[in-house]
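**Student:**
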Amino acid sequence: MNNDKKDFFDYETYIKGEIGKVRRIDRKPKPAPKPAQKPAALSPAEKQKKKLQEKEESIENIRRMFGEALDESHEELAEFADEQAVPDMPETNPEGIKRKLYFLFGIVLSVLAVIGLISTVNFAIDKIKAFADNTQQKTEFARFVYPIVICDPAPFNQTVKLRNDTMITAAIWDIILYEDKSKYEADFDMIIVPELDVEQHGTKLFGVGLSFEHQSILGADVQFYYDESIKSYRVPSNPKYFTYSPYIEDISRVGERYTLTVGYVSPTPAWLTLTSEEEPEPEKYVEYVVSKRGDEMTLVAIQESDMKVESPHGL
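Okay, so the sequence shown: first residue is 452 according to my numbering, each after it adds one.
Set out below in structure tokens:
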């Protein structure tokens, strides 16, 4: 019995014994900590060397940080760029572009049409003005040469060589056509015109420096009687016969000199020739050289014209 008890393992007694050992070990006093040893003092040279080492370490750390931050491969950057969202491009609309182009083209055509219309209107206005100015100029010259055309003088190059009877006849016709005849004394169907008035109208037509020898002009159809006793002419107040009327075919100018191509129309009253819209048929053409300064005109010469009358039947 006793042997069996000795051989039997008592677990509880074993545990208690081990715990007691541990407790006894823990109760041993801990050794006192050794006093901290002060570091040995460094020499000035060593201190300086230590500072330099610390600075080099700091610089090396900074370089390493920048190197790590910048050490990115091209593949990684490409992958990063691919990952970024690419905005979708707007889809083009060909029909909308065509409509805009057609609209712009229409605007351009409209502007060009307006410019063309304005140019056409201005051109027409200029032509009308030129035609109106030319018509007015022709009328002025026709009125001036009309008293001379009635006389049908021979060509001449200088007025000083003009015949005396031609100057007097043209001057009297100028009075009959344009002067206020009510200021003259009437004698039945005649008016009494002083020779001084005849000279004034002759000077207006042919210029200054002319001498007049007053005499009666006895034509086949019209007579102007000179009365030396009263120094005047007896002139019909309203003659019925006119030899020729002027029609200005063309005007050319060199300075103050105008060359008129004058058509002789017979027998047509002046008011019909100057106001008729239809072009008359002259019997012949004569060139008149007229000097014009302002509103004053003077006959310089009469020349034969190269312009010939066309035959009415083409013969």
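Idealized CB from N, CA, C, for every residue including glycine. Predicted model, so just to flag it, every value in this text is computed and none were measured.
Quick one, are the C-beta atoms of Y692 and I702 less than 7 Å apart?
**Tutor:** Result no, Cβ atoms of Y692 and I702 do not sit closer than 7 Å.
**Student:** Got a sec, what are the start and stop residues for the alpha helix (DSSP H) Y629 sits in?
**Tutor:** Unbroken alpha helix (DSSP H) run through Y629: N615 to Y629.
**Student:** Going along the chain, which unbroken runs of the beta strand (DSSP E) with 3 or more residues stay wholly within the stretch 684-709?
**Tutor:** Qualifying beta strand (DSSP E) stretches, in chain order: 696-705.
**Student:** Enumerate in chain order the residues of its own chain whose CB-to-CB distance from P733 is below 7 Å, with the five nearest sequence positions on each side excluded.
**Tutor:** Closer than 7 Å at the Cβ level, and outside the excluded window around P733, lie Y698, G714, Y715, V716 and V760.
**Student:** Just confirm the distance between the C-beta atoms of Y695 and D603, as a whole number of angstroms; I'd bet it's less than 8 Å.
**Tutor:** Contact holds; Cβ gap of about 6 Å.
**Student:** Once the 5 residues before and after L552 are set aside, which same chain residues still bring their CB inside 6 Å of it?
**Tutor:** Cβ within range, chain order: n/a, list empty.
**Student:** Mapping DSSP to helix, strand and coil, what is A671?
**Tutor:** A671: coil per DSSP, three-state reduction.
**Student:** If I'm right that V686 touches I642 with Cβ under 8 Å, what's the distance once you round it to whole angstroms?
**Tutor:** Yes, they are in contact, since the Cβ atoms of V686 and I642 sit about 6 Å apart, within 8 Å.
**Student:** Measuring only from the beta carbon, is F607 closer than 6 Å to any heavy atom that is part of the ligand NAD?
**Tutor:** For the structure depicted, the ligand NAD is absent and the ligand set is empty, with no information on it obtainable.
**Student:** For the putative contact between A637 and S688, defined by C-beta atoms under 8 Å, what is the C-beta separation to the nearest angstrom?
**Tutor:** A637 to S688, Cβ: 7 Å. Contact.
**Student:** Does DSSP put P426 in a helix, in a strand, or in coil?
**Tutor:** With the chain covering 452 to 766 only, the question about residue 426 has no answer from this structure.
**Student:** What does the alpha-carbon distance come out to for the pair S509 and S494?
**Tutor:** S509 and S494: Cα-Cα distance of roughly 23 Å.
**Student:** What's the C-alpha gap between L750 and G658?
**Tutor:** Between L750 and G658, the C-alpha separation is close to 7 Å.
**Student:** Are the stretch 671-687 and the stretch 640-654 touching, with three or more C-beta to C-beta distances below 8 Å?
**Tutor:** They touch, by the three-pair rule.
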